[in-house]
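Just so it is clear: in the sequence shown, position 352 is 352 by the UniProt record's numbering, and no numbers are missing.
Where is the CB? At the ideal position from N, CA and C, for every residue including glycine.
If you're wondering where the values come from, they're calculated on a predicted model, not measured in any experiment.
Before any comments, here is the structure.
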Amino acid sequence: MERSTIAEEKGSKNINPDLTSIEMRRWLVVGIFLHNVLIPSVREKINKVMPEYYKRMSERYQLDRQTFGQHKERLGGVKVNYESINNNKDIECPNPSSQYDYRVKDPVSLAKLFMEPRMAKFSAFDDEFEASATLAVLAGVEEFERNVRSVARSLNAVVRVPWAHPIFCVWTDKKYEDCFRTMKLLVQKFFQSEDQKGILVKLEFWKTQGLKICLGNPLDDVLYNNLRKEVEALWDMLTKYQETTGVETKRICQTLDLFRREVHEAFIKLRDKQSCLEQGCLEMERGLKEYLRSEMQKFEQRFSRFENSVHERIDGLDGKIAKLSERVERETAGTISNVQFGKESSSDLSYIRQFTQEEKHLQPNKELASATQSRELDQPPALDELDTVKKNKPKGRKKRNQAKS
Numbered sequence: 001m002e003r004s005t006i007a008e009e010k011g012s013k014n015i016n017p018d019l020t021s022i023e024m025r026r027w028l029v030v031g032i033f034l035h036n037v038l039i040p041s042v043r044e045k046i047n048k049v050m051p052e053y054y055k056r057m058s059e060r061y062q063l064d065r066q067t068f069g070q071h072k073e074r075l076g077g078v079k080v081n082y083e084s085i086n087n088n089k090d091i092e093c094p095n096p097s098s099q100y101d102y103r104v105k106d107p108v109s110l111a112k113l114f115m116e117p118r119m120a121k122f123s124a125f126d127d128e129f130e131a132s133a134t135l136a137v138l139a140g141v142e143e144f145e146r147n148v149r150s151v152a153r154s155l156n157a158v159v160r161v162p163w164a165h166p167i168f169c170v171w172t173d174k175k176y177e178d179c180f181r182t183m184k185l186l187v188q189k190f191f192q193s194e195d196q197k198g199i200l201v202k203l204e205f206w207k208t209q210g211l212k213i214c215l216g217n218p219l220d221d222v223l224y225n226n227l228r229k230e231v232e233a234l235w236d237m238l239t240k241y242q243e244t245t246g247v248e249t250k251r252i253c254q255t256l257d258l259f260r261r262e263v264h265e266a267f268i269k270l271r272d273k274q275s276c277l278e279q280g281c282l283e284m285e286r287g288l289k290e291y292l293r294s295e296m297q298k299f300e301q302r303f304s305r306f307e308n309s310v311h312e313r314i315d316g317l318d319g320k321i322a323k324l325s326e327r328v329e330r331e332t333a334g335t336i337s338n339v340q341f342g343k344e345s346s347s348d349l350s351y352i353r354q355f356t357q358e359e360k361h362l363q364p365n366k367e368l369a370s371a372t373q374s375r376e377l378d379q380p381p382a383l384d385e386l387d388t389v390k391k392n393k394p395k396g397r398k399k400r401n402q403a404k405s
């Protein structure tokens, strides 16, 4: 930002009512983590430490019975402010401190000694125990380690005061990084390791997601909802108590109200866009269902035609198989008949061969007898032999032929 623009903003307390700048968004994100995450966590631990610290200090210095002139002016090397307790700030007289009530009655009163009266408006370590008072206790009470008190003072100077008295032009990217680095250092120094993890996760979330907010990037509905809740929480915190002058508080409220409207409008747009997307999805779903229904009907028709064609082919194959079976049966019957006839013929031939061999063995004697008989009877020898063969032939073939017929 140019020097003239910085000077102009420093000299003006008005903000642009129609637009949030990137510097305002950095300021907002740092404030969300400081007031809604870090300070509540620190407050919770202070609430656990202060009762024990008060008990020890009371036993050592009788804080609950102090009077003027016998009161402790310092605790742990830190000057304490009795104007902040027992309504002492309301006393009006030439020497008001001589009329103060110096009795420290409880841990809350002990905590108030470490801050200015304008900061000591809380009655318990609850939501009214806001950032300036919390850091004052953390920086002043000797019960906390020296390095923790040092970081608490740095955090008050680097983060809390600039946030409470905003000059938006100074909230550069470097300022954004410095704030988160200082807050992270306090978490690491003040909390035990088991307590650090959850706080550091939230710190990294807001540091990285905050960049999307700062740069005006598209945000999902989860981040929008978180942003809405955190802005409302900041708004509620400022309405409960004021840690700055009236003018500065008004300026902060104006800025937060601007963010509230901007986030709300963005959320409405996102919701409308989601509604349009849902409507489009419904229409797409209906169209897809109709398309699938049409394609299914077409498929069923094609499948039905295919099924009918298959049945027709199967029926044709059944007829062909039946005809083929009949043909095989006929041919099988003929083959069996031929085989039986072949067996009978083979038997006859075997008998003839056997008979022929026997005849050859007896041929010389038969030829002599045949010649003699031929001359006597004047009859051809071949016919006599044939008759002899027929007479001596077994009768089995005749029986088989009869059985066959």
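- Residue environment analysis places glycine 210 among the buried positions, since at least 16 neighbouring C-beta atoms fall within 10 angstroms of its C-beta.
- Taking a C-beta distance under 8 Å as the contact criterion, serine 123 and valine 108 qualify as a contact pair.
- Contact fails between the segment 137-149 and the segment 174-182, because fewer than three Cβ pairs, one in each stretch, are under 8 Å apart.
- Restricting attention to beta strand (DSSP E) runs no shorter than 3 residues, the segment 92-130 encloses none.
- Closest in alpha carbon position to lysine 48, among Phe191, Asn81, Phe259, is Phe191.
- In the structure shown, the three-state DSSP call for lysine 79 is strand.
- The C-beta distance from alanine 111 to methionine 50 rounds to 6 Å, short enough to meet the 8 Å contact threshold.
- By the neighbour-count criterion, in which a residue is buried when 16 or more other Cβ atoms sit within 10 angstroms of its Cβ, tyrosine 82 is buried.
- Within the DSSP secondary-structure output, arginine 74 pairs in a beta bridge with Lys79.
- Of the residues Thr239, Leu324, Leu256, Ser294, the one whose Cα lies closest to the Cα of glutamate 130 is Thr239.
- Within 10 angstroms of the beta-carbon of leucine 38 lie 16 or more other beta-carbons, which makes it buried.
- Between phenylalanine 33 and tryptophan 27, the alpha-carbon positions lie close to 10 Å from each other.
- Here DSSP, grouped into helix, strand and coil, assigns tryptophan 235 to helix.
- Relative to arginine 228, the option among Val263, Val29, Lys207 whose CA is nearest is Val263.
- A straight line joining the alpha-carbon of valine 137 with that of lysine 121 spans about 14 Å.
- Threonine 182: member of the alpha helix (DSSP H) spanning 173-190, first to last residue.
- The beta carbon of lysine 89 sits closer than 6 Å to the beta carbons of Glu83, Pro117 from its chain, once the five residues preceding and following it are set aside; these are given in chain order.
- In the three-state DSSP reduction, glutamate 142 falls in the coil class, being neither helix nor strand.
- Three or more pairs of CB atoms, one per stretch, sit closer than 8 Å, so the segment 189-208 contacts the segment 147-154.
- Annotated three-state conformation of glutamine 62 is coil, per DSSP.
- Restricting attention to Ile321, Phe205, Trp235, Tyr102, the CA atom closest to the CA of valine 222 is found in Phe205.
- Counting every other CB atom within 10 Å of its CB across the protein chains shown gives glycine 280 a total below 16, marking it as exposed.
- In this structure, valine 29 lies near isoleucine 213, with their beta-carbon atoms less than 8 Å apart.
- Membership of alanine 157 in any alpha helix (DSSP H) is not indicated, and neither H nor E is assigned to it by DSSP.
- Residues of the same chain with their beta carbon placed closer than 7 Å to that of proline 94 are lacking, with the five preceding and five following residues left out of the count.
- Considering only Pro166, Asn225, Ser309, the residue with the shortest C-alpha distance to glutamate 248 is Pro166.
- Proline 40 sits in a helix when the DSSP states are folded into three classes.
- A distance below 8 Å between beta-carbons, with the five flanking residues on each side excluded, links aspartate 173 to the following residues of its chain, in chain order: Arg26.
- Bounds of the alpha helix (DSSP H) holding glycine 31 are 22-33.
- With contacts defined as CB atoms closer than 8 Å, threonine 20 and leucine 258 qualify as a contacting pair.
- In the three-state scheme derived from DSSP, where H, G and I count as helix and E and B as strand, isoleucine 167 is classed as coil.
- Judged by DSSP in its simplified three-state form, glycine 69 adopts coil rather than helix or strand.
- The shortest CA-to-CA distance from arginine 260 to any of Glu283, Glu278, Glu230, Ser275 is the one to Glu230.
- The alpha-carbon separation between serine 97 and phenylalanine 68 amounts to approximately 8 Å.
- With fewer than 16 other Cβ atoms from the protein chains shown falling within 10 Å of its own Cβ, arginine 286 counts as exposed.
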